[in-house]
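Contents: one structure, followed by commentary.
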Amino acid sequence: MSGVDDLERGLVSAVAAAADEATLEQLRVSALGKKGSISELLKTLGNMSPEERKEKGPQFNTLRDRVSEAIAERKTALQEQALNARLASERVDVTLPVRPEPLGTIHPVSQVLDEITAIFADIGFSVAEGPDVEFDDYNFTKLNIPPDHPARQMHDTFYVSPQKDGSRHVLRTHTSPVQVRTMLSQQPPVRIISPGRAYRVDSDATHSPMFHQIEGLVIDEMTNLGHLKWVLEEFCKAFFEVEKVELRARPSFFPFTEPSVEWDLRCDRSVPGKITFGHGNDWLELAGSGMVHPKVLSMCGIDPEKYQGYAFGGGIDRLAMLKYGIPDIRPFFESDIRWLRHFGFAPLDIPTLDGGLSR
Ligand code: PHE
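According to my numbering, the sequence shown is numbered sequentially starting from 57.
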């Protein structure tokens, strides 16, 4: 009798002292496993006389039940303890203020893209997109740039290895192929802008081999260059956040527009390192443009007898540099985290016309 009591006391106190689930499992096996102390004890019942068995049987069973129960209780307690420790170590104080830094900053080019999109969306333009790797046909031929045009030459264009049929893709040299894609996929009225990347073999303080442009295209039955002038003026006022701007038109040449016009914006550069708009004696080149060439319209499936419209295109990186006082284009694409922290924008301040474009 006292042997069974001792065994129980010893096991129950060992169970209470088990510091983790692995130790507890070892104890369980040593007592209740196939060769465990209690199992061995139970086996001895077989060799006992019926009277002895009647006496010992219930004792042994009680011992087994009590030890099993102690183990189960200890197991629950240990699990609860582990859970509480985890909850304490992973506790989050949801009332703490947001730390803005881990979100990073918005690149000035992305910021300017969002600003431009917000302005043109407000005037009624939608956004169209095209791929950076473009068909030679869309980048050049359908824009009325014949095969011997200088813009096609290797020194300007990044060519991709020839396809099996001998045709070559290019890294688009401007965003104008999006005009082609838009006209091929939709009939007038068309009113789109298309901001995106363009590529040319060119690199210095003001040119990067990858740069950003924005394209605009409006086609209907009566749109003319006067409409374009108004759109560009409204854009400049909103973008540079000034009351008044002045645009100057210069005759120009692009194979895909006729007539072609380049637009300059009046500005003042008399204070070194500073540029202001709406007054002054300097001019800033803003965009190339023109009335879409009838040949381009018909190559893109639009009837030039019925429809007409303008297209314009210009660089975005330079607009970002001017607006935010960034002197050199090269760090734009170097991914230097210090530069991004300095010139970047708060990620949750999305530019809107009524909420403020750049604040
Ligand atoms: N694609 C021209 C360029 O890259 C700009 C342009 C676009 C001119 C649309 C006229 C019309 O310089």
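Ideal Cβ placement from N, Cα and C applies to all residues, glycine included.
Given the structure is predicted, the values throughout are model-derived calculations rather than measurements.
Query - C-alpha gap between residue 57 and residue 115, whole angstroms - result: The predicted position of residue 57 is uncertain, since its pLDDT is 48 and thus under 50; a value taken from the coordinates is nonetheless stated next. So the alpha carbons of these two residues sit roughly 8 Å apart.
Report task. Give me the Cα-Cα distance between residue 232 and residue 152, rounded to the nearest whole angstrom. Result -> If you draw a straight line from the Cα of residue 232 to the Cα of residue 152, it comes to about 49 Å.
Query raised in the report: Does the region 343 to 360 come close enough to the region 193 to 208 that 3 or more CB-CB pairs lie under 8 Å?
Result: yes
**Report entry** Contact under 9 Å by Cβ, residue 276 with residue 251
**Finding:** In this structure, residue 276 keeps its C-beta atom at 9 Å or more from the C-beta atom of residue 251.
Query raised in the report: Straight-line CA distance for residue 335 to residue 222?
Result: So the two alpha carbons sit approximately 53 Å from each other.
Query raised in the report: Three or more beta-carbon pairs under 8 Å between the region 381 to 397 and the region 170 to 188, yes or no?
Result: no
Query raised in the report: Just to check, is the beta-carbon of residue 305 closer than 8 Å to a non-hydrogen atom of ligand 1?
Result: no
Query raised in the report: Is the beta carbon of residue 313 within less than 8 Å of some heavy atom of ligand 1?
Result: yes
**Report entry** Stretch-stretch touch, CB-based, cutoff 8 Å, three pairs: the region 224 to 240 with the region 251 to 262
**Finding:** yes
**Report entry** Runs of alpha helix (DSSP H) wholly within the region 121 to 146 (minimum 4 residues, chain order)
**Finding:** none
Query raised in the report: So, using beta-carbon positions, are residue 267 and residue 298 closer together than 9 Å?
Result: No; because the gap between Cβ atoms is not below 9 Å, this pair is not in contact.
Report task. Could you tell me which uninterrupted beta strand (DSSP E) segments, each at least 3 residues in length, are contained entirely in the region 207 to 231, listed from first to last along the chain? Result -> 225 to 227
Query raised in the report: Where does the unbroken beta strand (DSSP E) through residue 366 begin, and where does it stop?
Result: 364 to 371
Report task. List the endpoints of the continuous beta strand (DSSP E) containing residue 305. Result -> 303 to 310
Requested in this report: Evaluate residue 100 with the Cβ neighbour count: other Cβ atoms within 10 Å of its Cβ, from every protein chain shown; 16 or more gives buried, anything less gives exposed.
Outcome: By the 10 Å Cβ count, residue 100 comes out exposed.
Report task. With 9 Å as the threshold, decide whether the Cβ of residue 127 is near any Cβ in chain C. Result -> No chain C appears in the structure shown, which is made up of a single protein chain.
Report task. Flag this pair as touching only if the region 166 to 175 and the region 311 to 327 have three or more C-beta atom pairs under 8 Å; answer yes or no. Result -> no
Query raised in the report: Shortest alpha-carbon distance to residue 398 belongs to which of 405, 406, 380?
Result: 380
Query raised in the report: Could you give the distance in angstroms between the alpha-carbon of residue 344 and the alpha-carbon of residue 394?
Result: 34 Å
Query raised in the report: Quick one: Cα of residue 91 to Cα of residue 148, how far?
Result: 47 Å
Report task. Could you check what DSSP says for residue 279 in three-state terms: helix, strand or coil? Result -> Residue 279: coil per DSSP, three-state reduction.
Report task. Give the range of the alpha helix (DSSP H) segment to which residue 453 is assigned. Result -> This structure leaves residue 453 out entirely; the chain is present only between 57 and 415.
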